[in-house]
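Q: Going by this note's numbering, the first residue of the sequence shown is number 413, and it counts up by one from there.
Following this message is one structure expressed as structure tokens.
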Amino acid sequence: MNDASTGSESGAWLVVGLGNPGPSYAGHRHNVGYRVADELASRLGSGFRPHKSGRADVVEGRLGGPGGIGGERVVLARPRCYMNETGGPVSTLAKFYKIPVERIIAVHDELDIAFDTLRVKRGGGDNGHNGLRSMRRSLDSGEFYRVRVGIGRPPGRQDPASFVLSDYSSAERKALPFQVDRAADAVESLLTEGLEATQSRFNS
């Protein structure tokens with residue numbers, strides 16, 4: 413089932429890759445959440461399709477089972493709006509599938525973590541991230557999980573806002589597939605092993 417056009421999924425998880433839509437943003441550091449969502453969709457053997465709300469693309473399936481069998485029911489989502497409007501589509505999907513905030517995972521870029529590093533946590537503020545701020549406002553809670561994919565601080569005096577909206581360096585692009593794969597592994601670990609085990613494995 414790839415299409416989210418019917419029914420609600422009691423007991424499902426909502427995994428949201430944060431980013432900006434359109435080809436001009438595709439290579440930006442700010443779009444690494446989209447990349448991780450794409451990797452998870454490939455593990456499901458499916459491509460994203462528009463949700464009937466018109467505000468997100470989604471894939472439904474199961475992740476985290478041994479050998480790709482079974483596992484947790486998930487809805488993968490990529491909001492079809494700019495980062496600072498992410499919360500609206502996420503709130504709409506959460507209501508449609510009847511998914512509580514404690515079963516939502518946001519995958520996003522993180523300036524305060526070095527490139528090729530990631531951290532997993534639940535709750536907290538938005539640390540200046542417009543996508544997280546929008547989600548917290550629309551969900552009326554920040555108690556969702558976060559897979560924080562490090563992009564590092566900008567070099568010299570470069571403005572952080574322009575840094576996140578710029579492409580990875582050539583050296584970073586070589587390592588990026590491994591980072592994306594590891595972040596997708598962290599999402600699957602959260603689904604099946606829980607927060608503490610996932611932090612022990614990935615927060616290093």
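Think of the CB as a built atom: it goes at the ideal place given N, C-alpha and C, for glycine as much as any other residue.
In this text the structure is predicted, and so the values were computed from the model without any measurement.
Measure from the alpha carbon of residue 519 to the alpha carbon of each residue in 482, 600, 434, then state which is nearest.
A: Cα-wise, what sits closest to residue 519 is 600.
Q: Tell me which same chain residues have a C-beta within less than 7 Å of the C-beta of residue 419, skipping the five on either side of it?
A: Summary for residue 419: the model assigns pLDDT 41, below 50, so the residue's position carries little reliability, and this model does not support an answer.
Q: Using the three-state DSSP reduction, which class does residue 524 fall into: helix, strand or coil?
A: The answer is coil: DSSP assigns residue 524 none of H, G, I, E or B.
Q: May I ask you to verify whether the stretch 499-507 touches the stretch 451-470, counting CB pairs closer than 8 Å and requiring at least 3?
A: Counting Cβ pairs under 8 Å, three or more are found: they touch.
Q: Roughly how many angstroms lie between the CA atoms of residue 577 and residue 430, to the nearest whole one?
A: One C-alpha to the other measures close to 13 Å.
Q: Which residue comes first and which comes last in the beta strand (DSSP E) that contains residue 544?
A: No beta strand (DSSP E) holds residue 544; the alpha helix (DSSP H) holding it covers 542-551.
Q: For residue 472, count the other beta carbons within 10 Å of its own beta carbon; 16 or more makes it buried, fewer makes it exposed. Which is it?
A: Buried is the call here.
Q: Mark residue 591 as exposed unless 16 or more other C-beta atoms lie within 10 angstroms of its C-beta, in which case mark it buried.
A: With 16 or more other Cβ atoms within 10 Å, it is buried.
Q: Determine the DSSP secondary structure at residue 438, reduced to helix, strand or coil.
A: Correct three-state label for residue 438: coil.
Q: For residue 599, which residues does DSSP report across the bridge?
A: Answer is none; residue 599 lacks a bridge partner.
Q: Between which two residues does the beta strand (DSSP E) holding residue 491 run?
A: Here the beta strand (DSSP E) through residue 491 covers 483-491.
Q: How about residue 617 and residue 513: do their beta carbons lie closer than 9 Å?
A: Lying before the first or after the last residue shown, residue 617 is absent from the chain, which here runs from 413 to 616.
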